[in-house]
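**Student:**
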Amino acid sequence: MTTPESDRPVEDSGAGESPTTPPGRGRFRRSGWFKDLAAVASFGLLACWVTARMWWNPEHGIRDNKTDMAQFEWMMAHGARVVTEFAYPFTSDRMNVPESVNLVANTSVLSVSLPMTPITLVFGTRSAFLVFLTLGMIATATSWYFLLSRVVVGSRGPAWLGATFCAYAPAMVSHANAHPNIVAQYVVPLIIWRTLRLADPGRWLRNGLLLALVIVWQAFLNLEILLMTAIGVGVVIVALALGRPELRGRTRTFLAGLGVAAGVSAVLLAYPLYVQFFGPGAYHGLSWVIRGYSTDLASFVAYARESVAGDARSATGLAKNPTEENSFFGWPLVIGVVALVWWLRRNIVVLALAGLGVLFAVFSLGREIRFDREGTGIPAPWALLEDLPVLHSVVPTRWALAITPIIGVLLAYGAARAHELATRYPARRSQIRFATVTVLAMALVPVLPTPLPTKRLEPTPEFVTSGAWRPYLAGGRSLVTLPLPDTEYADPLRWSAQTRLEMPIARGYFLGPDTRPGKDRIALFGAPPRPTSSFFATVRRSGEVPPVTAQDRREAIEDLRYWRAGAVVLAPQPSAEALRQAMTDLTGIEPVQTGGVWLWDVRPLTG
4 MTTPESDRPV EDSGAGESPT TPPGRGRFRR SGWFKDLAAV ASFGLLACWV TARMWWNPEH
64 GIRDNKTDMA QFEWMMAHGA RVVTEFAYPF TSDRMNVPES VNLVANTSVL SVSLPMTPIT
124 LVFGTRSAFL VFLTLGMIAT ATSWYFLLSR VVVGSRGPAW LGATFCAYAP AMVSHANAHP
184 NIVAQYVVPL IIWRTLRLAD PGRWLRNGLL LALVIVWQAF LNLEILLMTA IGVGVVIVAL
244 ALGRPELRGR TRTFLAGLGV AAGVSAVLLA YPLYVQFFGP GAYHGLSWVI RGYSTDLASF
304 VAYARESVAG DARSATGLAK NPTEENSFFG WPLVIGVVAL VWWLRRNIVV LALAGLGVLF
364 AVFSLGREIR FDREGTGIPA PWALLEDLPV LHSVVPTRWA LAITPIIGVL LAYGAARAHE
424 LATRYPARRS QIRFATVTVL AMALVPVLPT PLPTKRLEPT PEFVTSGAWR PYLAGGRSLV
484 TLPLPDTEYA DPLRWSAQTR LEMPIARGYF LGPDTRPGKD RIALFGAPPR PTSSFFATVR
544 RSGEVPPVTA QDRREAIEDL RYWRAGAVVL APQPSAEALR QAMTDLTGIE PVQTGGVWLW
604 DVRPLTG
């Protein structure tokens, strides 16, 4: 992706410095670091703008995805536990008692949670989550900025434009709804940079080792992003080899470095990947429902709900949920990108990126093309690929997420080309700049981000924060909550995280294998249902208590023994009265109200 010197845009050099400028300050400005610092500061302001409501309201959380937020708080606590207690990093028995959770298959974000342990311990898991989310956006923009300005286009202004889009485009802001592992894509530019350096003569071993390290780093952040990055970089490298014959002389060095990177990363990741695919809690691909999360063709020209020009009404139905609005670019930007590719069509990298973007867009359509919220009955190419190993664990719509950095790089190329023309033709500089700013404003202003919507989180009960649960969980017992945690109710994960995972809980919110007969260990959100968990899920949804039979009572006791339950608790919630009555009917135990919860001491039942 490097640009030949003859084609590279003129670098901002700080020309026009006043002769009276203080010598130190002039050197500072001329060095370009002032502009770099200004760019990073702008990234920080944007990140704080997107997350402003959570910084301003400490008791608030992500409104549209509280469950994933709770899960990542739990993951931050797990990372801290690995550091402070030397806990096994790849699985955990602190959730889903008596089984374990395969954390390698559940985005454990160890590459972030481990180094952030001091923040987690001092400020708590909610603060750690918010810092992870905010710094992830800043680091992503900063990483893209330095790659674009130093390696790709060689000009700071265009690099800032491209990096800002890469980090704050609609898809990224959508995933900021409690997917910090996807928002934090700062390793991707490092992988691109180190891959390009593989061709440096005489340094294939060092460069291969460095590439392996950043690959491993990304693997413990998000494997989906790593897969998309590998495909994207591979396509561009092949295009460069075909389109620039002068680079072919470096093929041997490049392949030697690539071999080192592949070998070292394979060795370092061999055991974690073994645990992911064959260890306890491993699953065999995503469920049919999740694999149906695809991109609506109409969404490419629509606006996301967290964009200036978007709203929830226009976006609803075009994506599965507010966190997966991966393809909302709007008509002006789509038309602008097509025109930009045509304008820069002599650049082989631009053509490769354009082809790659089309490929990812087609993949994101899933197994059937949908248009304007309706199925068309037309099969899409992904139907031929979705059952292949590895690919059966990819959510199809997320291929559209990979289009965002492609557009960001194209914008940087386009702005750099406009800058070059303005420098080459000074008499037309004002017209060129006016046209450039006008086109960019029309395409990008509608997709500027708005702050993430938040909602006040239910406070953690005093029963948890005071440690009153400890006597009930002695001897390896667990806490059972009503209802048991699932995709709709994950507060118990937050409670457990706030105890630094000292409080183990039954069931949970995670991806695990469906071990029921005929399910072939396909991924399931949470553990396979048990009679009692299904019973309380029904009570929570309906708000009514069904007739309780003797069989229901026998199954409840059996399930409580399976979960090694020491206590059952019920925190305030809309269906609390029905849940309290149902648990009392099942066990015959009258609860006591203590520490903000209803408490059933079930130790006499579970032995």
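Our numbering puts the first residue of the sequence shown at 4, with every later residue one more than the last. We put the CB at the ideal spot given by N, CA and C, even for glycine. This one's a predicted model, so the numbers in the text were calculated from it and none came from an experiment.
1. Please state whether DSSP places T552 in a helix, a strand or coil.
2. DSSP beta-bridge partners for P452?
3. Ordered along the chain, which non-local residues of its own chain (more than five positions away) have a Cβ less than 8 angstroms from that of F89?
4. Using DSSP bridges, identify the partner residues of F374.
5. Excluding the five sequence neighbours on either side, which residues of its own chain have a C-beta within less than 7 angstroms of the C-beta of L136, listed in chain order?
6. For A42, name the three-state secondary structure that DSSP assigns.
7. Compute the Euclidean distance between the alpha carbons of L608 and I560, then round it to the nearest angstrom.
8. Hey, out of R431, P452, E327, R606, whose CA is closest to A181's CA?
9. Would the stretch 164-175 count as touching the stretch 39-52 if we require 3 or more Cβ pairs under 8 angstroms?
10. Apply the 10 Å Cβ neighbour rule to L208 and answer buried if 16 or more other Cβ atoms are within range, or exposed otherwise.
11. So, helix, strand or coil for P2, using DSSP?
12. Determine the closest residue to Y512 out of R497, T518, V440, A493, with distance taken between C-alpha atoms.
13. Just curious, the beta strand (DSSP E) that D390 is in, first and last residue?
14. Could you give the distance in angstroms between the alpha-carbon of A526 and the alpha-carbon of I293?
15. Can you give me the Cβ contacts of W603 inside the same chain, cut-off strictly under 7 angstroms, excluding the 5 residues immediately before and after it?
16. Using the rule of at least 16 other Cβ atoms within 10 Å of the residue's Cβ for burial, across every protein chain shown, is V270 buried or exposed?
17. In angstroms, rounded to a whole number, what distance separates the CA positions of T463 and W498?
18. Taking only three categories from DSSP, how would you classify R459?
19. Tell me, please, whether the CB atom of I240 is closer than 8 angstroms to any CB atom in chain D?
20. Measure the CB-CB distance between L359 and G235 and report whether it falls below 8 angstroms.
21. Is the stretch 472-482 in contact with the stretch 51-71, if contact means three or more CB pairs nearer than 8 angstroms?
22. With which residues is S95 paired in a DSSP beta bridge?
23. With DSSP run on the structure shown, which of helix, strand or coil describes V605?
24. Please classify Q501 as buried or exposed, where buried requires at least 16 other C-beta atoms within 10 Å of its C-beta.
25. Excluding the five sequence neighbours on either side, which residues of its own chain have a C-beta within less than 6 angstroms of the C-beta of A215, listed in chain order?
26. Quick one: what's P382 bridged to in DSSP?
27. By how many angstroms is the C-alpha of D390 removed from the C-alpha of R370?
28. Please name the residue, chosen from K38, W402, V365, G82, that lies closest to G127 on a Cα-to-Cα basis.
29. Taking P325 as part of the beta strand (DSSP E), name the residues at either end of that continuous run.
30. With DSSP as the reference, label I234 as helix, strand or coil.
31. Name the residue from F363, V86, G157, R97 whose alpha carbon lies nearest to the alpha carbon of P384.
32. Does the beta-carbon of N329 have 16 or more other beta-carbons within 10 angstroms, so that it is buried, or is it exposed?
33. Could you tell me if L496 is buried or exposed, where buried requires 16 or more neighbouring beta carbons within 10 angstroms of its beta carbon?
34. Does DSSP put G511 in a helix, in a strand, or in coil?
35. Which one of R567, T110, V398 has the shortest CA to CA distance from Y475?
36. Residue range of the alpha helix (DSSP H) that Q75 falls in?
**Tutor:** Let me lay it out:
1. coil
2. S310
3. none
4. Looking at the DSSP assignment, F374 forms a beta bridge with E377.
5. T54, A179, P183, V186
6. helix
7. 7 angstroms
8. E327
9. yes
10. exposed
11. There is simply no residue 2 to check, as the chain begins at 4 and stops at 610 in what is shown.
12. Closest option to Y512, Cα to Cα, is A493.
13. From DSSP, D390 is part of no beta strand (DSSP E); its letter is neither H nor E.
14. 9 angstroms
15. A570, V571, M586, T590, I592, P594
16. With fewer than 16 Cβ atoms within 10 Å of its Cβ, V270 is classed as exposed.
17. 6 angstroms
18. strand
19. Checking the listed chains, one finds no chain D in this structure; it contains a single protein chain.
20. yes
21. no
22. V104
23. DSSP, reduced to helix, strand and coil, places V605 outside both helices and strands of the structure shown, so it counts as coil.
24. buried
25. A264, V267, S268
26. Answer is E371.
27. Cα-Cα distance, rounded: 11 angstroms.
28. G82
29. Taken as a continuous stretch (DSSP letters only), P325 belongs to no beta strand (DSSP E), as it is neither H nor E.
30. Helix at I234.
31. F363
32. With 16 or more Cβ atoms within 10 Å of its Cβ, N329 is classed as buried.
33. buried
34. coil
35. R567
36. Here the sequence assigns Phe to residue 75, which means Gln is not the residue at that position. Counting along the chain, the alpha helix (DSSP H) containing F75 begins and ends at 69-88.
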